[in-house]
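Novice:
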Amino acid sequence: MSSPQALEDEQGGGDPPRDLRSVLVTSVLNLELLDEDLFRGRHYWVPSTQRLFGGQIVGQALVAAAKSVSEDVHVHSLHCYFVRKGDPKVPVLYQVERTRTGVSFSVRSVKAVQHGRPIFICQVSFQKAQPSPVQHQFSMPTVPPPEELLGHEALINQYLRSPCDGMRGVRRGGSEDRLPISLGLPIPLPFTFRDPNLQEKYRVGLNRIAAQEVPIEIKLVNLPTLSQLQSMEPKQMFWVRARGYIGEGDMKMHCCVAAYISDYAFLGTALLPHQWQHKVHFMVSLDHSMWFHAPFRADHWMLYECESPWAGGSRGLVHGRLWRRDGVLAMSCAQEGVIRVKPRDSKSKL
Numbered sequence: 001m002s003s004p005q006a007l008e009d010e011q012g013g014g015d016p017p018r019d020l021r022s023v024l025v026t027s028v029l030n031l032e033l034l035d036e037d038l039f040r041g042r043h044y045w046v047p048s049t050q051r052l053f054g055g056q057i058v059g060q061a062l063v064a065a066a067k068s069v070s071e072d073v074h075v076h077s078l079h080c081y082f083v084r085k086g087d088p089k090v091p092v093l094y095q096v097e098r099t100r101t102g103v104s105f106s107v108r109s110v111k112a113v114q115h116g117r118p119i120f121i122c123q124v125s126f127q128k129a130q131p132s133p134v135q136h137q138f139s140m141p142t143v144p145p146p147e148e149l150l151g152h153e154a155l156i157n158q159y160l161r162s163p164c165d166g167m168r169g170v171r172r173g174g175s176e177d178r179l180p181i182s183l184g185l186p187i188p189l190p191f192t193f194r195d196p197n198l199q200e201k202y203r204v205g206l207n208r209i210a211a212q213e214v215p216i217e218i219k220l221v222n223l224p225t226l227s228q229l230q231s232m233e234p235k236q237m238f239w240v241r242a243r244g245y246i247g248e249g250d251m252k253m254h255c256c257v258a259a260y261i262s263d264y265a266f267l268g269t270a271l272l273p274h275q276w277q278h279k280v281h282f283m284v285s286l287d288h289s290m291w292f293h294a295p296f297r298a299d300h301w302m303l304y305e306c307e308s309p310w311a312g313g314s315r316g317l318v319h320g321r322l323w324r325r326d327g328v329l330a331m332s333c334a335q336e337g338v339i340r341v342k343p344r345d346s347k348s349k350l
């Protein structure tokens, strides 16, 4: 992959202030070297489930693997399994095994350990750049640019100001009544509240979400209207980027940041057709795979296109594509997870 510096004009600018370094680089993905091929990672943001965020484990594991290869190779794929619940109260140890170092391809195995037991295993493959005349890709969907869309926090704040009126327009200045339903994102399913107690309970919940220091910026695309909620497809799109400035540094770091980002709200795509009737009882990732196609800047806006082709057996499968703003397909992702639900109360007071 080429240097991200060449992408400045292609992918679009919009850099955050350069004195605001991304916490994903300075903290989350900044591993402590304990011994050769042995690292320790710490936590920055822990979801309300009090389980370690899967994207953090994937990103840190890729950092550990990348430190064991030469500068002239770049990650092209990774495949991993989450085998145990992560404990947010203790650090994670990452053990790297140099499985193979070849002329063109190199493979590293990474095991994440807590309390003496593996919680995560991963295989990462790196490749030296090799030009080829065989090239093609799908076309990027046509969507509004991120500058025309309200951010995740803006949607929450707007609803907090006037929860009984619903949301007005996901686009800035829009006029359609729209609601910030979960879309796989950590926003509870809202309605127009007739019960003031429920209204206040929802307001408290949204305030808690707004206060979370998630190191990712999100802008939702095509937020559905209330009438569309009962017939949603398992598809969603949103613009995403790392908070803060990462810059034109090592492309490996941008890949590690993208690995962190790729797990955010991904599995929730499989719930979209069902959340009207069911609420989540238990949802965790089982595995996660990524393929890296072209260089990119993880601190620039990218379009995350997600879809779920299948769900059943208390599991859901999701596919994703991350697009640069110039229409280049940067990454593809796939994940399967456990999804257990409970029926919504048919006697709701909403």
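Per the UniProt record's numbering, the sequence shown runs over residues 1 to 350. C-beta: ideal position from N, C-alpha, C; glycine also.
1. Under three-state DSSP, which class holds Lys252?
2. Between Lys85 and the rest of its own chain, which residues show a CB-CB distance below 6 angstroms, the 5 nearest in sequence each way excluded?
3. What is the C-beta distance between Ser262 and Met290, in whole angstroms, given that I count them as a contact (C-beta under 8 angstroms)?
4. Hey, quick one: how far does the alpha helix (DSSP H) through Gly55 stretch, first residue to last?
5. Say whether the region 336–343 touches the region 256–276, bearing in mind that this needs 3 or more beta-carbon pairs closer than 8 angstroms, one atom from each stretch.
6. Going by C-alpha distance, which of Arg42, Ser70, Asp72 is nearest Gly61?
7. Which residue marks the beginning of the beta strand (DSSP E) containing Asp345, and which one marks its end?
8. Does the region 64–78 come within contact of the region 91–100, defined as at least 3 CB pairs closer than 8 angstroms?
9. From the DSSP output, in three-state form, read off Ala330 for me.
10. Please report the straight-line C-alpha distance between Trp239 and Pro118, rounded to a whole angstrom.
11. CB-CB under 6 angstroms to Leu272, same chain, minus the five flanking residues each way: which ones, in chain order?
12. Cα-Cα, which of Ala242, His281, Ala64 is closest to Lys111?
13. How do the region 30–47 and the region 274–283 stand: do at least 3 beta-carbon pairs fall below 8 angstroms, yes or no?
14. Counting C-beta neighbours from all protein chains within 10 Å, is the total for Gly141 16 or more, i.e. buried, or is it exposed?
15. Would you mind giving the Cβ-Cβ distance between Ile57 and Val92, rounded to the nearest angstrom? I have them listed as a contact below 8 angstroms.
16. Starting from the C-beta of Ser77, find all residues in its chain whose C-beta is less than 8 angstroms away, skip the five residues before and the five after it, and write them out in chain order.
17. Given this structure, state the Cα-to-Cα distance separating Leu30 from Gln230, to the nearest angstrom.
18. Going by DSSP, which residues form a beta bridge with His288?
19. Considering only C-alpha positions, which residue in the set Asp345, Ser104, Arg321 is nearest to Val73?
20. Can you tell me whether Tyr264 is helix, strand or coil according to DSSP?
21. Which residues bound the beta strand (DSSP E) around Gln123?
22. Kindly indicate which residue of Asp35, His274, Cys80 has the alpha-carbon position closest to the one of Trp310.
23. What first and last residue would you give for the beta strand (DSSP E) that runs through Leu38?
24. Among all the DSSP beta bridges, which residues are the ones paired with Gly316?
25. Going by the beta-carbon positions, is the gap between Val143 and Val221 smaller than 9 angstroms?
26. Nearest to Gly151 by CA position, among Met331, Trp301, Lys89, Arg344, is which residue?
27. For residue 403, which three-state DSSP category applies?
28. Is the Cβ-Cβ distance between residue 394 and Ala242 less than 9 angstroms?
Specialist: Considering the structure as presented:
1. Counted from its first residue, the sequence shown places residue 252 at position 252. If DSSP states are grouped into helix, strand and coil, Lys252 belongs with the helices.
2. Residue mapping note: residue 85 aligns to position 85 of the sequence shown, counting from 1. The answer, listed in chain order, is Arg51.
3. Residue mapping note: residue 262 aligns to position 262 of the sequence shown, counting from 1. Residue mapping note: residue 290 aligns to position 290 of the sequence shown, counting from 1. Indeed they touch by this definition, with Cβ atoms about 6 angstroms apart.
4. Walking along the sequence shown from the start, residue 55 turns up at place 55. From DSSP, the alpha helix (DSSP H) with Gly55 extends over 54–66.
5. yes
6. Within the sequence shown, numbered from 1, the residue matching residue 61 stands at position 61. Strictly speaking, residue 61 in this sequence is Ala, with Gly absent from that position. When each option's Cα is compared against that of Ala61, the closest is Arg42.
7. Counted from its first residue, the sequence shown places residue 345 at position 345. Run containing Asp345: none; DSSP gives neither H nor E here.
8. yes
9. Locating residue 330 in the sequence shown gives position 330, counting from the first residue. Look at Ala330 here: in three-state DSSP terms it is strand.
10. Taking the sequence shown and counting its residues from 1, one reaches residue 239 at position 239. Taking the sequence shown and counting its residues from 1, one reaches residue 118 at position 118. Roughly 33 angstroms separates the two Cα atoms.
11. Translated into positions along the sequence shown, residue 272 becomes position 272. Around Leu272: Met232, Pro234.
12. As a first step, residue 111 must be located in the sequence shown, where it is residue number 111. Selected option, being the one with the closest Cα: Ala64.
13. no
14. Taking the first residue of the sequence shown as position 1, residue 141 is located at position 141. Looking at the sequence provided, one finds Pro at residue 141 rather than Gly. By the 10 Å Cβ count, Pro141 comes out exposed.
15. Looking up residue 57 in the sequence shown gives position 57. Looking up residue 92 in the sequence shown gives position 92. Between Val92 and Ile57 the Cβ distance is about 7 angstroms, and since that is below 8 angstroms, they are a contact.
16. Counting from one through the sequence shown, the residue named residue 77 turns up at place 77. Same-chain partners within the cutoff: Val124, Ser125, Ser289, Met290, Trp291, Phe292.
17. Along the sequence shown, one-based indexing puts residue 30 at 30. Along the sequence shown, one-based indexing puts residue 230 at 230. The sequence given here places Asn at residue 30; Leu does not occur at that position. About 43 angstroms.
18. Position 288 of the sequence shown, counted from the first residue, corresponds to residue 288. Cys80, Gln335, per the DSSP bridge assignment.
19. The residue labelled residue 73 in the question sits at position 73 within the sequence shown. Nearest option by C-alpha distance: Ser104.
20. Translated into positions along the sequence shown, residue 264 becomes position 264. Tyr264: coil per DSSP, three-state reduction.
21. Here residue 123 is taken as the residue at index 123 of the sequence shown, counted from 1. Its beta strand (DSSP E) spans residues 117–128.
22. Locating residue 310 in the sequence shown gives position 310, where the first residue counts as 1. Looking only at Asp35, His274, Cys80, the smallest Cα-Cα distance to Trp310 is reached by His274.
23. As a first step, residue 38 must be located in the sequence shown, where it is residue number 38. Start and end: 38–41.
24. To locate residue 316, count along the sequence shown from 1; it is residue 316. Answer is Ala311, Gly337, bridged to Gly316.
25. Taking the sequence shown and counting its residues from 1, one reaches residue 143 at position 143. Taking the sequence shown and counting its residues from 1, one reaches residue 221 at position 221. At a Cβ-Cβ threshold of 9 angstroms, Val143 and Val221 count as neighbours.
26. In the sequence shown, residue 151 corresponds to position 151, counting from 1. Looking at the Cα atoms, Trp301 is the closest of the given residues.
27. Because the chain in this structure spans residues 1 to 350, residue 403 falls outside the shown range and cannot be described.
28. No answer is possible for residue 394: the residues shown for the chain start at 1 and end at 350.
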